[in-house]
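Residues in the sequence shown are numbered from 66 upward in steps of one, following the numbering used here.
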Amino acid sequence: MGEDLSINRSWSKEEQYQYALSACKALLAGEQNQTANLANVAAVLKEVFNFFWVGFYLAEEDGNLVLGPFQGPVACTRINLGKGVCGTSALERKTIVVPDVE
Numbered sequence: 066m067g068e069d070l071s072i073n074r075s076w077s078k079e080e081q082y083q084y085a086l087s088a089c090k091a092l093l094a095g096e097q098n099q100t101a102n103l104a105n106v107a108a109v110l111k112e113v114f115n116f117f118w119v120g121f122y123l124a125e126e127d128g129n130l131v132l133g134p135f136q137g138p139v140a141c142t143r144i145n146l147g148k149g150v151c152g153t154s155a156l157e158r159k160t161i162v163v164p165d166v167e
């Protein structure tokens, strides 16, 4: 897959998800580097869904989270287990949906 995405802003949510999945599969095919793959997935999600921020926090051996590849404004570098939404989600090992982070 090339580096350009062809996004149609009139797509339905289902079409957006299908396109994002297809783009991610194409970008990940044959690439073994975790950092490169996470960076490209973050970029696809940000572009397709026009998110403000999207990225990954990676669990360290002590269970705390460290910032990984992302797209968007500056983010917290480290998050302790149980702190905030991400730290609580990691501690409880479950997804937490926040309708409005403001």
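The beta-carbon is built from N, C-alpha and C at its ideal position, and this holds for glycine as well. Fair warning: this is a prediction, and the values are worked out from it, not measured in the lab.
C-alpha gap between residue i and residue j, whole angstroms
i    : j    : result
V131 : T153 : 14 Å
N145 : L103 : 21 Å
C151 : Q81  : 25 Å
R143 : S77  : 35 Å
G95  : G137 : 26 Å
I161 : S71  : 31 Å
C141 : N73  : 32 Å
D127 : S75  : 44 Å
K159 : D69  : 34 Å
Y84  : G149 : 31 Å
V166 : V139 : 16 Å
F121 : P134 : 6 Å
V163 : E157 : 15 Å
E79  : G147 : 33 Å
For residue i: DSSP bridge partner residues
i    : result
Y122 : L132
I144 : L130
Cβ neighbours of residue i in the same chain (closer than 6 Å, five flanking residues each side left out)
i    : result
N105 : L92
N98  : none
7 Å Cβ shell around residue i - same chain, five flanking residues per side excluded
i    : result
F117 : G137
C-beta neighbour in chain D for residue i, strict 8 Å
i    : result
V150 : Note that chain D does not occur in the displayed structure, where there is just one protein chain.
Beta-carbon separation (whole angstroms), residue i vs residue j, contact threshold 8 Å
i    : j    : result
A124 : A155 : 7 Å
* With contact counted as at least three CB pairs below 8 Å, one residue from each stretch, are the region 79-95 and the region 111-118 in contact? -> yes
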